[in-house]
Amino acid sequence: MDTSALNLTGKQEAFAQEYVRNGGNATAAYRTAYATELTGKDGLWVDAHNTRHLPNVSLRIEALGLQIAMSEKNRTTKILKELERLAWVDPALLFELQSGSLIPPGELPEDVRRCIQAVEVIESYAKGGDKLVKYKYKIHDKVKAAELLGKIEGSFARDNRQQNPGAALGDLLLQLDGASRGLPGRAVPVEPSKKLLPEGRKKAKRKAKGK
Numbered sequence: 090m091d092t093s094a095l096n097l098t099g100k101q102e103a104f105a106q107e108y109v110r111n112g113g114n115a116t117a118a119y120r121t122a123y124a125t126e127l128t129g130k131d132g133l134w135v136d137a138h139n140t141r142h143l144p145n146v147s148l149r150i151e152a153l154g155l156q157i158a159m160s161e162k163n164r165t166t167k168i169l170k171e172l173e174r175l176a177w178v179d180p181a182l183l184f185e186l187q188s189g190s191l192i193p194p195g196e197l198p199e200d201v202r203r204c205i206q207a208v209e210v211i212e213s214y215a216k217g218g219d220k221l222v223k224y225k226y227k228i229h230d231k232v233k234a235a236e237l238l239g240k241i242e243g244s245f246a247r248d249n250r251q252q253n254p255g256a257a258l259g260d261l262l263l264q265l266d267g268a269s270r271g272l273p274g275r276a277v278p279v280e281p282s283k284k285l286l287p288e289g290r291k292k293a294k295r296k297a298k299g300k
């Protein structure tokens, strides 16, 4: 995003950066960005709130939040790809097709090489004095990798917010700043008091008659 188009001051940019970094605490972000312009406690909250809701600052915060979400998504994708390598690697790819001997590490495909946990190099000499080199490979536990992969994918399926990278950030902002507007979030259901339910009223009437 071209931040120059937002016409942010240096302190506004610092505020937006700190606001996203600290998880949505506008007062703390304002205190950090405007350290030389501190006011009273109430005034500080008002100034922080007003800065948070400046149109250009709000757009910058949204852009920074999306950057973080995409970065986390890319990291998660890399982790899943690595686990898929470990879980589905074919050990036969470690061997030469004709001779059946193990292929040297440097000649293995990258996907296979990354599944190796340890390499043991065994050196020996033939009767003629020629040096012989053999290898022993230990690959990562395929079963554990498959289990972990299943758990991660299952967690994603249960968490609908993974389908919307901005939802988690929006939820947090709505919780920390009740004045936030236009941010994605989810309503929190409130359990009604039992006294307000029909069953509760009936019990209260029976109790009154008993007296």
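To get this note's numbering, take the position in the sequence shown, counting from 1, and add 89. Even glycine gets a Cβ: it sits at the ideal position worked out from N, Cα and C.
1) Fully enclosed by the segment 145-219, which alpha helix (DSSP H) runs are 4 residues long or longer?
2) Return the CA-CA distance between residue 214 and residue 224, expressed in angstroms with no decimal places.
3) Compute the Euclidean distance between the alpha carbons of residue 151 and residue 140, then round it to the nearest angstrom.
4) Please look up how many angstroms separate the CB atoms of residue 197 and residue 183, rounded, as I've assumed it's under 8 Å.
5) Is the beta carbon of residue 116 less than 9 Å from the beta carbon of residue 133?
6) Where does residue 133 sit, in a helix, a strand or coil, going by DSSP?
7) Need the endpoints of the alpha helix (DSSP H) that residue 116 sits in, please.
8) Quick one, are the C-beta atoms of residue 174 and residue 102 less than 9 Å apart?
9) Would you report the Cα separation of residue 144 and residue 157, rounded to the nearest angstrom?
10) Roughly how many angstroms lie between the CA atoms of residue 188 and residue 202, to the nearest whole one?
11) If I measure Cβ to Cβ from residue 211 and keep anything under 6 Å in the same chain, skipping five residues before and after, which residues do I get?
12) Starting from residue 105, trace the alpha helix (DSSP H) in both directions and tell me its first and last residue.
13) Since residue 235 contacts residue 181 with CB under 8 Å, what's their CB separation in whole angstroms?
14) Note down the Cα distance separating residue 110 from residue 232, rounded to an integer number of angstroms.
15) Check the DSSP bridge columns for residue 222 and list the partner residues they point to.
16) Residue 138 to residue 160, Cα distance in whole Å?
17) Can you name the residues that DSSP bridges to residue 227?
18) Does residue 178 pass the burial test, meaning 16 or more other C-beta atoms within 10 Å, or should it be called exposed?
19) Can you tell me the Cα-Cα spacing of residue 193 and residue 240, whole angstroms?
20) Which same chain residues end up closer than 8 Å to residue 185 when comparing Cβ atoms and leaving out the 5 residues on each side of it in sequence?
21) Which same chain residues end up closer than 8 Å to residue 221 when comparing Cβ atoms and leaving out the 5 residues on each side of it in sequence?
Let me spell this out:
1) 199-202
2) 14 Å
3) 14 Å
4) 7 Å
5) yes
6) helix
7) 115-122
8) no
9) 20 Å
10) 20 Å
11) 223
12) 99-110
13) Not quite, the Cβ-Cβ distance comes to about 18 Å (not below 8 Å), so this is no contact.
14) 37 Å
15) 212
16) 28 Å
17) 207
18) buried
19) 34 Å
20) 191, 192
21) 212, 213, 214, 215
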